[in-house]
Amino acid sequence: MWVYISAICPLAKRQREARPAITVILRGLPLAEPLFQQLQKLQAEFHGHPPVDRWNPDLCGDMDMVIKSDGRWIHEGTEIRRQPLVKLFASILKREGDEYFLVTPAEKLRITVEDAPFVVTQVARNSGDALQQLLFTTNVGDVVELKDSSQWRLRDFGAPPQPVPYLEVRGGLQARISRDVFYQLVEWALEENGHKEKLFVHSDGKEFLLGSCN
């Protein structure tokens, strides 16, 4: 199967002479090199995170791309297994309200996100007498330090629904705390708080609710 993103976006065709437009060619997988190289160039130019908040091209259409609740990226029913490619797509992901898009300066395609686009897969904390800080790593390689309550929220996930922590990564994009990371946080919370009704973890001098022990 071949998908030419530029072909479904006339605006991108008109802009091709003025600025490079991404030509996405997916033949099952792997991805054709022109896209890969273009995204790598954007990543390098903006130190890993292109300024998608400043890119507002017209909507080209919908792409058959789904980010599953477990963090897998699926294109036309086929999982994208090349992690560098997933990271590159993640770097141009943008959220507007409850919708998600892959964007470049010339193109904008809507995709589907089942839950949060990212999953937190690792957590680390500093040791010693310094103020404790928690660092979270996502499945696409983002590293986020927990500093402010606006970064942290609990919302229902799973069946039956249970309150689960979500972490703000960047630009409204969230990552769900994975089960393994959650258990690690619970262990640290018990060390800090004992067996109280509610469990909190601490980072940068602030406390963040994990949930109730009931």
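Counted the way numbering that gives the first Met the number 0 counts, the sequence shown spans residues 0 to 213. In this text, a Cβ means the ideal position worked out from N, Cα and C, and glycines have one as well. Just so you know, these numbers come straight off a predicted model, no measurement behind them.
Query - C-alpha gap between A89 and D52, whole angstroms - result: So the alpha carbons of these two residues sit roughly 14 Å apart.
Requested in this report: Give every residue of the same chain whose Cβ lies closer than 6 Å to the Cβ of W151, excluding the five residues on either side of it in the sequence, and list them in chain order.
Outcome: In chain order, F207 place their CB closer than 6 Å to the CB of W151, counting only its own chain and leaving out the 5 sequence neighbours on each side.
Query - Straight-line Cα distance separating I79 from V65 - result: Whole-angstrom Cα-Cα distance: 10 Å.
Query raised in the report: Between I73, V85, D61, S68, which lies nearest to K140 when the distance is taken from Cα to Cα?
Result: Checking the sequence, you will find Gly at residue 140 rather than Lys. The option with the nearest alpha carbon to G140 is V85.
Query raised in the report: A188: buried (16+ other C-beta within 10 angstroms of its C-beta) or exposed?
Result: The Cβ neighbour count for A188, taken over all protein chains shown within 10 Å, is at least 16; the residue is labelled buried.
**Report entry** Among E113, D114, Q132, nearest to V122 - alpha-carbon criterion
**Finding:** Ranked by Cα distance from V122, the options E113, D114, Q132 are led by Q132.
Requested in this report: Mind checking who F214 pairs with in its DSSP beta bridge?
Outcome: Outside the shown range of the chain (0 to 213) lies residue 214, about which nothing can therefore be said.
Query raised in the report: In terms of residues, what are the limits of the alpha helix (DSSP H) holding P56?
Result: It is not in any alpha helix (DSSP H) - P56 carries neither H nor E in the DSSP assignment.
Query raised in the report: Should V180 and F117 be called a contact, given that it needs their Cβ atoms to be closer than 9 Å?
Result: No, Cβ-Cβ distance for V180 and F117 is not below 9 Å.
Query - Pick from I91, D114, Q173 that is closest to A105, judged by C-alpha positions - result: Cα-wise, what sits closest to A105 is I91.
Query raised in the report: Is K197 closer than 9 Å to S148 when the C-beta atoms are compared?
Result: Pairing S148 with K197 gives a Cβ-Cβ distance that is not under 9 Å.
Query raised in the report: Which class does E32 belong to by DSSP, given the choice of helix, strand or coil?
Result: Any reading at E32 is ruled out, since the residue's pLDDT is 48, under 50, leaving its predicted position unreliable.
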